[in-house]
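Peer 1: After the structure tokens below, expect a handful of questions from me.
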Amino acid sequence: MTAILEDLRRLDAARKRGELSPDAYEDAKRRLLGDVEDVQIVAESRPRPQRLRTARAQMRSDGMWSLLLLGMFGVGILTLITALVIGDMTIAVTLVVTIFAAILVKAAKRLEH
Numbered sequence: 001m002t003a004i005l006e007d008l009r010r011l012d013a014a015r016k017r018g019e020l021s022p023d024a025y026e027d028a029k030r031r032l033l034g035d036v037e038d039v040q041i042v043a044e045s046r047p048r049p050q051r052l053r054t055a056r057a058q059m060r061s062d063g064m065w066s067l068l069l070l071g072m073f074g075v076g077i078l079t080l081i082t083a084l085v086i087g088d089m090t091i092a093v094t095l096v097v098t099i100f101a102a103i104l105v106k107a108a109k110r111l112e113h
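Just so it is clear: in the sequence shown, position 10 is 10 by full-length UniProt numbering, and no numbers are missing.
Right, dumping it as structure tokens:
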């Protein structure tokens, strides 16, 4: 790549000095760039420090447990409120479990797409 850049600089300098006409400059530049093969650039992944990975994994784990506990608390409260409204704890548990199962199925389907 450095050789091509040097050739382009030489062509540009020759055009500025008046040794090449604008048409000859464009033609030489087109031929020079036409000889270059297209290269596919692949981004290099930099390894992250191990401490950051562990800290992020710990935060995700803590957040997941917190969310799970919050969900369980919500299910319990919703079950008790439903039992008070309906008057039967068995029907309330069945209703709440069915609703949350439907929510989990919908979430799983969204993750698939």
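Using N, Cα and C, we set each Cβ at its ideal position, and we do this for glycine too.
(1) Check each candidate in T98, S66, W65 and name the one with the smallest Cα separation from residue 114.
(2) Do you know how far the Cα of V85 is from the Cα of L67?
(3) Mind checking A107: buried by the 16 CB within 10 Å criterion, or exposed?
(4) How far does the alpha helix (DSSP H) with G34 in it extend, from its first residue to its last?
(5) Just curious, the alpha helix (DSSP H) that residue 123 is in, first and last residue?
(6) Exposed or buried, what is T2 when buried is set at 16 or more other beta-carbons lying within 10 Å of its beta-carbon?
(7) At the level of alpha carbons, what is the spacing between D35 and I4?
(8) Under the assumption that V105 contacts V75 (Cβ atoms under 8 angstroms), give the Cβ distance between them as a whole number of angstroms.
Peer 2: With the given structure in hand:
(1) Limits of the chain in this structure are 1 at one end and 113 at the other, which puts residue 114 out of reach.
(2) The residue labelled residue 67 in the question sits at position 67 within the sequence shown. The residue labelled residue 85 in the question sits at position 85 within the sequence shown. For L67 and V85, the distance between alpha carbons rounds to 27 angstroms.
(3) Counting from one through the sequence shown, the residue named residue 107 turns up at place 107. Classification of A107: exposed, given that the 10 Å Cβ count is below 16.
(4) Position 34 of the sequence shown, counted from the start, is the residue given in the question as residue 34. From DSSP, the alpha helix (DSSP H) with G34 extends over 22-34.
(5) Only positions 1 to 113 of the chain appear in this structure, which leaves residue 123 out of reach.
(6) Here residue 2 corresponds to residue number 2 of the sequence shown, with the count starting at 1. When all chains shown are included, T2 counts as exposed.
(7) Mapped onto the sequence shown, residue 35 falls at position 35. Mapped onto the sequence shown, residue 4 falls at position 4. Cα to Cα, the separation comes out at about 10 angstroms.
(8) As a first step, residue 105 is located in the sequence shown; it is residue number 105 there, counting from the start. As a first step, residue 75 is located in the sequence shown; it is residue number 75 there, counting from the start. The C-beta distance from V105 to V75 rounds to 16 angstroms, too long to meet the 8 angstroms contact threshold.
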